[in-house]
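Structure first, then comments.
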Amino acid sequence: MIRFLLKGLLRDPNRSRLPILVVTAGVTLSVFAYCYINGVLGDMVEFSANYSSGHVKIMTRAYAENKHQVPNDLALLDVSRLRQRLKTDYPEMVFEERINFGGLLDAPDAHGETKKQGVVLGIAADLIHSDSKELDRLNLRNSLRQGRFPETPDEVLLSDEFAHKLGVEPGDRVTLISSTMYGSMSIVNFVVSGTIDFGVQMMDRSGMIADISGIQAALDMDDACGELLGFLPTTHYNDAAALEVETSFNQNYSDGDDVFSPVMIRLRNDSLMAGYFDFMDGVVGIIVSIFILAMSVVLWNTGLIGGLRRYGEVGLRLAMGEGKGHIYRSMIGEAVLIGLTGSALGTLIGLGFSYWLQEVGIDISSVMKDTKMMIPTVFRAHITSTAYYLGFIPGLFSMVLGTLLSGIGIYKRQTASLFKELEN
Amino acid sequence: MIFKVLFGLFLPALLSAQPTGRELLQKIDANMAAKSTITQSKMIIHGVRQTRTIEAQSWGEGNQKSFTEYLAPERERGTKMLKLDDQLWIYSPGSDRTIQISGHMLRQSMMGSDLSYEDMMDNTRLLEDYDAVVIGNETVDNRDCWIVEMHAKTDEVNYQLRKVWVDKTRYIPLKEELHAKSGQLLKRLELKDITQMGVRWFPRRMIFKDMLRKGDGTEFIIEKIEFDQPIPEYRFTKAALKK
Chain P
1 MIRFLLKGLL RDPNRSRLPI LVVTAGVTLS VFAYCYINGV LGDMVEFSAN
51 YSSGHVKIMT RAYAENKHQV PNDLALLDVS RLRQRLKTDY PEMVFEERIN
101 FGGLLDAPDA HGETKKQGVV LGIAADLIHS DSKELDRLNL RNSLRQGRFP
151 ETPDEVLLSD EFAHKLGVEP GDRVTLISST MYGSMSIVNF VVSGTIDFGV
201 QMMDRSGMIA DISGIQAALD MDDACGELLG FLPTTHYNDA AALEVETSFN
251 QNYSDGDDVF SPVMIRLRND SLMAGYFDFM DGVVGIIVSI FILAMSVVLW
301 NTGLIGGLRR YGEVGLRLAM GEGKGHIYRS MIGEAVLIGL TGSALGTLIG
351 LGFSYWLQEV GIDISSVMKD TKMMIPTVFR AHITSTAYYL GFIPGLFSMV
401 LGTLLSGIGI YKRQTASLFK ELEN
Chain G
1001 MIFKVLFGLF LPALLSAQPT GRELLQKIDA NMAAKSTITQ SKMIIHGVRQ
1051 TRTIEAQSWG EGNQKSFTEY LAPERERGTK MLKLDDQLWI YSPGSDRTIQ
1101 ISGHMLRQSM MGSDLSYEDM MDNTRLLEDY DAVVIGNETV DNRDCWIVEM
1151 HAKTDEVNYQ LRKVWVDKTR YIPLKEELHA KSGQLLKRLE LKDITQMGVR
1201 WFPRRMIFKD MLRKGDGTEF IIEKIEFDQP IPEYRFTKAA LKK
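Below is the structure:
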């Protein structure tokens, strides 16, 4: 039966070409739109991961409980040994040390007296090692306004606005007044190597980026860091993979009775990101549903038109004595074949476009160069397992549904009036 | 005979006759406040992860002037603090900078201890800043004490409400609770090793506990103290910070 229907479709392209083309186009658009929306929203997640959360984040249990206060006195100690162990247990992952810190930044005048002073919020990351990718992760290359990136531990980047407020320029000296991880006062000089635009109001008002080794020395955090961010080898955050790492790490490394033992929290469990993930799921669901609904209406219409277009053929088949049920079933069978073929082709083409956009991306940095927004400058699609079957929903079901509805007309036709109709 | 009986009956009552709050504050000030002090001290900070000891030498004149030089550990060595009125300067030898600290920073923990910079600089006469009332009796460290509640006269005082357990015979606080205006308990202070120094009684060891911080408190041990000694005027200048 299937072979018979297939031969009919192949030998009579007029019956199948247009519906297959329409289904293919609709499914291509559905798959591509899903992957693109997923990718753009995923890029936002990735940006947050790069900036502060990692795909997974390791802290001490005590630090995790009070992480909003950035309690460096509860920081991870003996980090190099921990990293060595992580390298063995999770060789495919990259782990980066980060320290968030606060305090006062003091700009001296020519006599060394305080010229201006302001509250500072800082992030310390590995900026000076040639193999470090932190400059890209923190999106600093696109944010530099003056000067250059730090090359020594005692060089820092300030937000352009903050530097202006303190009256300092690249090359000037500033003094960080903060607390060491043991609570002592820390007064350390740094040189401003450059200024950046964060695009985030709070950071633009008082932001500072420093090399981790400089801040470790300043805050008496030798071989210590507040947070250890872990990144999976995937381009986009993979919650299932992150969950697997989180579970195994917490089983093997964490001790529930020791508040200073390390604990891993994956991005989805990060309190700041949990809401965004729910929002993202909701938005993707709504946008994709609307798109698929619209495509379904179009494809349903195609099925409907197909059924009506073959009004004469159906009449002839009825006149030749073919049963109404048999005609109805064969038309549905054809619709299934057309839907499957169109959906498969559309999924393939949609995935092809999506793969290209996932690998190459759309670079919007030239458009964004004057924009004071610290957002991703390359947007990419993201192919997930859902993309492999999503297109079949509008492609197959709508086509079949259209045929089902249009085919009902077969049962309403009277054999007695068939020849009269055929004469026309 | 009757006089003797009456005398015998009322003597204990006369001895423990309740003084007024004002009288108690006067007597506490006579013990604790001085025109000037030169102190060598050790601060043992029992943090959540480790215990650290910081050694310092301080010079103070009334409530207006104080100068502290940190002697140990190595990281803090040479750090100096100068307080003149309500201004505080800190000199860090590592950065060779003198930084003025003001505003809310003065309420921050000093060197990671349970004392704030304001606590460290505080040498006010209680009588000047507080109204006091005796609210009861209690025994602390086997010593009979008056419980005194002190309310600040102005908003500028660090702690708006203080509850003090004052030794009935030596007129020195043995325990203190320091509250915010809202009534929240901010710090608890225990005064130990009460020693007679000339005409005054003075605690050689004080245990501060910041109730809003984790950790087991900070012991402030006075190794050597001199009262009312002349201090050269240059000590309280910014030039002395870099010396």
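From first to last, the protein sequence lines stand for chains P and G.
Using the working numbering, you'd call the opening residue of the first sequence number 1 and step up by one each time.
Using the working numbering, you'd call the opening residue of the second sequence number 1001 and step up by one each time.
Where is the CB? At the ideal position from N, CA and C, for every residue including glycine.
Distance from P:Glu227 to P:Val56 at the Cβ level is roughly 11 Å; contact not present, criterion being Cβ atoms closer than 8 Å.
G:Glu1076 has a beta carbon lying within less than 8 Å of a beta carbon in chain P. In this structure, P:Ser143 lies near P:Ile196, with their beta-carbon atoms less than 8 Å apart. Proximity of G:Ser1058 to chain P, defined by a Cβ-Cβ separation below 8 Å, is not satisfied. Excluding its 5 nearest sequence neighbours in each direction, P:Gly102 has C-beta neighbours in its own chain below 6 Å: Leu121, listed in chain order. Listed along chain G is no residue with a C-beta nearer than 9 Å to that of P:Gly118; the closest approach is about 12 Å. Residue nearest to G:Asp1096 within the set P:Leu176, P:Gln117, P:Val200 is P:Leu176 (criterion: CA-CA distance). In the structure shown, the three-state DSSP call for P:Leu351 is helix.
Beta-bridge pairing by DSSP links G:Tyr1070 to G:Ala1056. G:Thr1195 is bridged by DSSP to G:Phe1202.
By the criterion of a C-beta distance shorter than 7 Å, G:Leu1212 is surrounded in its chain by Leu1186, once the five residues flanking it on both sides are discounted. Relative to the Cα of G:Lys1238, the nearest Cα in the group P:Gly112, P:Val174, P:Ala240, P:Glu155 belongs to P:Gly112. The count of Cβ pairs closer than 8 Å, one atom from the segment 1023 to 1040 of chain G and one from the segment 1220 to 1229 of chain G, reaches three, so the stretches are in contact.
Taking CB atoms only, G:Gln1100 has a neighbour in chain P less than 8 Å away.
The beta carbon of G:Met1032 does not come within 8 Å of any beta carbon belonging to chain P, so the residue lies off that interface. DSSP places P:Met264 in the uninterrupted beta strand (DSSP E) bounded by 262 to 266. In the DSSP annotation of this structure, the continuous segment of the beta strand (DSSP E) that includes P:Asn100 starts and ends at 94 to 108. For P:Met221, no CB of chain G lies under 8 Å from its own CB, so it is not counted at the interface with that chain. Judged by beta-carbon spacing, G:Asp1131 lies beyond the 8 Å limit of G:Cys1145, meaning their Cβ atoms are not closer than that value.
Taking a Cβ-Cβ cut-off of 8 Å, the neighbours of G:Met1111 in chain P comprise Gly183, Ser184, Met185, given in sequence order. Of all residues in the segment 1194 to 1217 of chain G, none has a C-beta nearer than 8 Å to a C-beta of chain P.
The DSSP-derived three-state label of P:Asp270 is coil. P:Phe249 and P:Glu169 have their C-alpha atoms some 44 Å from each other.
Assigned with DSSP and collapsed to three states, G:Thr1037 falls in strand. Contact of P:Phe260 with chain G by beta-carbon distance below 9 Å involves Val1048, Arg1049. Sequence-ordered contacts of the segment 107 to 139 of chain P with chain G read Pro108, Gly112, Thr114 [C-beta pairs closer than 7 Å]. Secondary structure of P:Ser330 (DSSP, three-state): helix. Note on geometry: alpha-carbon atoms of G:Arg1125 and G:Ser1066 lie some 15 Å from one another. Within chain P, the residues whose beta carbon sits less than 7 Å from that of G:Ser1092 are Ile187, listed in sequence order. G:Arg1097 reaches chain P at Asp106, Pro108, Gly112, Thr175, Ile187, Asn189, counting residues in chain order whose Cβ is nearer than 8 Å. In this structure, P:Val45 is the residue among P:Val45, P:Gly321, P:Val200 with its C-alpha nearest to the C-alpha of P:Met280. Per the C-alpha coordinates, the member of G:Ile1044, G:Val1048, G:Arg1022, G:Gln1064 positioned closest to G:Ser1036 is G:Gln1064. In terms of Cα proximity to P:Arg310, the closest of P:Ser398, P:Asp255, P:Gly407 is P:Gly407. The beta carbon of G:Ile1207 lies closer than 6 Å to those of Glu1190, Gly1217, Glu1219 in the same chain, with the five residues before and after it left out. Put simply, the CB of P:Ser178 is far from chain G, with every gap to its CB atoms at 8 Å or more. Sorting P:Thr234, P:Ala75, P:Ser193 by C-alpha distance to the C-alpha of P:Ala49 places P:Thr234 at the top.
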